[in-house]
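*Asks:* Position one of the sequence shown corresponds to residue 9 (my numbering), numbered consecutively onward.
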Amino acid sequence: MKLASFIYNNIYTYGVVSEKGAYSVTDTFLHEYKGLKQVIDAGLSHQLMNYCNVEPVPFEKIQLIKPIMNENKILCVGMNYKKIYPLDVAPPPVGEIIIWARNEDSLVNPGEKLTIPVGAGANTFDYEGEIVVVIGKPTFRILESEAWDHVLGCSLMNEGSVRAWQKHSIHAGKNFFKSGSWGPWITTLDELPELDAICLRTTVNGEERQKACINEMIFSIPEIVSYISHIHPLNAGDIIATGSPHGSGGSLNPPKFLKHDDVIVVAATG
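(1) Flag this pair as touching only if the stretch 18 to 25 and the stretch 51 to 62 have three or more C-beta atom pairs under 8 angstroms; answer yes or no.
(2) Would you kindly work out how many angstroms separate the C-alpha atoms of F227 and L83, rounded to a whole number?
(3) Find the nearest neighbour of N213 within the set N61, V274, A249 and R110, judged by alpha-carbon distance.
(4) Counting along the chain, where does the alpha helix (DSSP H) carrying V65 start and finish?
(5) Just curious, the alpha helix (DSSP H) that E40 is in, first and last residue?
(6) State the start and end residues of the unbroken beta strand (DSSP E) segment that holds V25.
(7) Give the single residue among I143, Q218 and P66 whose Cα lies nearest to the Cα of I15.
(8) Specify, as a first and last residue, the run of the beta strand (DSSP E) that K219 falls within.
(9) The alpha helix (DSSP H) spanning R171 covers which residue range?
(10) Expressed to the nearest angstrom, what Euclidean distance is found between the alpha-carbon atoms of A12 and K74?
(11) Give me the Cα-Cα distance between C162 and A276, rounded to the nearest whole angstrom.
(12) Check whether the stretch 115 to 125 and the stretch 250 to 259 are in contact - that is, three or more C-beta pairs closer than 8 angstroms.
(13) Relative to the alpha-carbon of T210, which residue among A98, E40, V97 and L164 has its alpha-carbon at the smallest distance?
(14) How would you label S153, buried or exposed, when you count the other beta carbons within 10 angstroms and need 16 or more for buried?
(15) As an exercise, report each continuous beta strand (DSSP E) stretch of at least 3 residues that is fully enclosed by the stretch 133 to 163, in chain order.
(16) Going by DSSP, which residues form a beta bridge with V85?
(17) Taking the alpha-carbon of P100 as reference, which of I178, A109 and W173 has the nearest alpha-carbon?
(18) Using the C-alpha atoms, what's the distance from I232 back to E202?
(19) Please classify N80 as buried or exposed, where buried requires at least 16 other C-beta atoms within 10 Å of its C-beta.
(20) Helix, strand or coil for L260? Go by DSSP, reduced to three states.
(21) From Y135 to D35, what does the alpha carbon distance come to, in whole angstroms?
(22) Measuring alpha carbon to alpha carbon, tell me which of P230, Q218 and K10 ends up nearest L151.
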């Protein structure tokens, strides 16, 4: 299933999306479970279609928003593909998994405009398409072999970065206001039987910039989930962006950073 949150008739709701449209949950269910986070917590995500209205709403009548908001950790992994380092400084050594957190307000809803930085940052605003893992149940100190049992599904992120400020610190470069986006929905694992076949593709104004598959990651998803779970608990609804492959603007020669009105599309196949 594809689980999504959206605005319909100026009211927040959520449900299941398909090629036919969006199936919103019933008013009774929405009253009891205020959002997807609560549904995942209750272990009802795989039965969500049973609590949706029968008739779908056409996509043109809804506005997709971030699947989960203000209630989850947003974690990111760096240097997880073989690539040219997108900063003009020496890259950090890759021996262990590199992680950082993003603020909620650094990410906009799917399709919403990003905010171009001002000053020097405006000239080094970069895109980074990434596959996102969504945690499905409480996770703490688990083995790699247990990791998939704790994953609900996958989504996508443009993990936008401001390279000039990333030289100051990862937090600075990765947390500019409205610099990235994630969504538009969560695809549950039962719809992703061949995970290694999932390939990421990022385009800017229709030009392909990034293309890579999950099996090209340096650290696998089970390694990442297990590693983070030994630092602190992960809760249902927490998300982990698993790293960006070669092709972000700072990795190209000459660099191709974002400009006003550029259109970034992050997609996945498989």
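Beta carbons: idealized from backbone N, C-alpha and C, even for Gly.
Computed from a prediction, not measured in an experiment: that's the story for all the values here.
*Replies:* If we stick to the structure as given:
(1) The stretch 18 to 25 vs the stretch 51 to 62: in contact.
(2) What you label residue 227 is simply residue 219 of the sequence shown in a count that begins at 1. What you label residue 83 is simply residue 75 of the sequence shown in a count that begins at 1. Approximately 15 angstroms between the Cα atoms of the pair.
(3) Residue numbering aside, residue 213 sits at position 205 when the sequence shown is read from its first letter. Considering only alpha carbons, the answer is V274.
(4) Residue 65 sits at position 57 when you count from the first residue of the sequence shown. Going by DSSP, V65 is part of no alpha helix (DSSP H) at all; its letter is neither H nor E.
(5) Residue mapping note: residue 40 aligns to position 32 of the sequence shown, counting from 1. In the DSSP annotation of this structure, the continuous segment of the alpha helix (DSSP H) that includes E40 starts and ends at D35 to E40.
(6) Within the sequence shown, residue 25 is the residue found at index 17, counting from 1. First-last of the beta strand (DSSP E) with V25: I19 to S26.
(7) The residue given as residue 15 occupies position 7 in the sequence shown. Closest by alpha carbon: P66.
(8) What you label residue 219 is simply residue 211 of the sequence shown in a count that begins at 1. Taken as a continuous stretch (DSSP letters only), the beta strand (DSSP E) holding K219 covers E215 to C221.
(9) Here residue 171 refers to the residue found at position 163 of the sequence shown. Here the alpha helix (DSSP H) through R171 covers R171 to Q174.
(10) For the purposes of this step, residue 12 is taken as residue 4 along the sequence shown, with counting starting at 1. For the purposes of this step, residue 74 is taken as residue 66 along the sequence shown, with counting starting at 1. Cα to Cα, A12 sits roughly 8 angstroms from K74.
(11) Mapped onto the sequence shown, residue 162 falls at position 154. Mapped onto the sequence shown, residue 276 falls at position 268. Looking at the two C-alpha atoms, the distance is approximately 10 angstroms.
(12) no
(13) Here the question's residue 210 lines up with position 202 in the sequence shown. Considering only alpha carbons, the answer is L164.
(14) Position 145 of the sequence shown, counted from the first residue, corresponds to residue 153. S153 comes out exposed.
(15) 137 to 143
(16) Start at 1 with the first residue of the sequence shown, and residue 85 comes out as number 77. Partner(s): I107.
(17) The count along the sequence shown starts at 1 and reaches residue 100 at position 92. Closest by alpha carbon: I178.
(18) The residue you call residue 202 lines up with position 194 of the sequence shown. The residue you call residue 232 lines up with position 224 of the sequence shown. Whole-angstrom Cα-Cα distance: 19 angstroms.
(19) Taking the first residue of the sequence shown as position 1, residue 80 is located at position 72. Counting Cβ neighbours within 10 Å, N80 comes out buried, since at least 16 surround it.
(20) Looking up residue 260 in the sequence shown gives position 252. In this structure, L260 counts as coil in the three-state DSSP scheme.
(21) For the purposes of this step, residue 135 is identified with residue 127 of the sequence shown, where counting begins at 1. For the purposes of this step, residue 35 is identified with residue 27 of the sequence shown, where counting begins at 1. Taking the straight line from one Cα to the other gives about 38 angstroms.
(22) Translated into positions along the sequence shown, residue 151 becomes position 143. When only C-alpha atoms are compared, the closest one is P230.
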